[in-house]
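Here numbering that gives the first Met the number 0 is used: position 19 in the sequence shown is 18, and no number is missing along the way. By construction, the Cβ of each residue, glycine as well, lies at the ideal position given by its N, Cα and C atoms. This structure is a prediction, so every number in the text was calculated from the model and none was measured. A short worksheet on the structure shown next.
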Amino acid sequence: MQSQYKCFLGCALILLFTIQISAQTFQGNLIGGISSSQISGDGTEGFVQFGVYAGIGAEATINDTWSLHGNLMFNQKGARVYKSSNSINTYRLRVNYIEVPILLDYKYQKFSGQLGPYLGVKINQKEQTQFGVIEDPRQFELFDFGIQAQVSYQLKERFKLSLAFQNSILPARPHESQLAYPASNFVLGEWHQKQLDKGQYFTTLMLFLSYKIGG
């Protein structure tokens with residue numbers, strides 16, 4: 000499995016390098032914003048675990064409409080349960096990643112849409128309840144591989160506002176038990192159920208601002 004991830008990174012770097020040479024312009028971006036995430040199969044719901052989403056990006060312009068983006072990002076993912084009037088239970092999961100999304104961009108006037116794969120490398124993880132830090136948590140996989148889609152709006156010549164969506168394609172970690180994914184959750188069909196039974200998947204929303212530093 001790790002060889003597949005290395006192959007993805009290698010192909011992505013070669014693709015970026017090739018387009019950089021042939022593209023009309025090549026520019027950099029400073030990126031900063033927030034993320035809001037949840038993870039499937041843990042009994043929690045809602046995008047209530049907030050984190051930092053920041054890094055640098057490179058954009059290769061292919062023509063007036065199309066371009067290719069390659070970013071190096073720090074992304075904080077996780078899940079959270081707050082104490083409520085009905086329960087004193089709390090839960091917090093934090094997993095930090097360095098991510099490389101490779102996105103194809105289509106531009107229409109001041110709007111643009113981006114779509115492509117991402118690969119995240121886990122830096123660390125922390126899991127805790129109302130009783131304190133869980134000393135021996137189930138470990139997340141070293142790599143998180145998934146799909147990213149986003150829409151952007153050009154605010155000014157150098158500033159762009161983006162809203163992005165991520166979802167893991169491969170399980171980020173195994174389930175705690177072999178029980179099936181709860182039927183009350185959002186399931187598209189039997190194939191989706193089988194996929195969810197394989198493990199837990201991150202779903203993340205990101206809102207961020209990009210500042211163009213070249214071009």
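- Each residue's CA atom was taken as its position, placing tyrosine 107 and leucine 92 some 39 Å apart.
- Each residue's CA atom was taken as its position, placing phenylalanine 144 and tyrosine 81 some 28 Å apart.
- Residue burial is scored here from C-beta neighbours: glutamate 156 has fewer than 16 other C-beta atoms within 10 angstroms and is therefore classed as exposed.
- Its Cα nearest to that of lysine 211, the residue Gln153 stands out among Gln153, Gln37 and Pro116.
- Under the three-state reduction of DSSP, histidine 68 is assigned to strand.
- Approximately 14 Å separates the beta-carbon atoms of glycine 112 and proline 100; this is outside 8 Å, ruling out the contact.
- Distance between tryptophan 190 and aspartate 196, taken at the CA atoms: about 10 Å.
- For leucine 118, the enclosing beta strand (DSSP E) begins and ends at 110-128.
- Here leucine 195 carries a helix assignment [DSSP, helix/strand/coil].
- Taking C-beta atoms as the reference points, asparagine 74 and serine 39 fail to come closer than 8 Å.
- Beta-carbon to beta-carbon, serine 209 and asparagine 28 are separated by about 5 Å, close enough to satisfy the 8 Å threshold.
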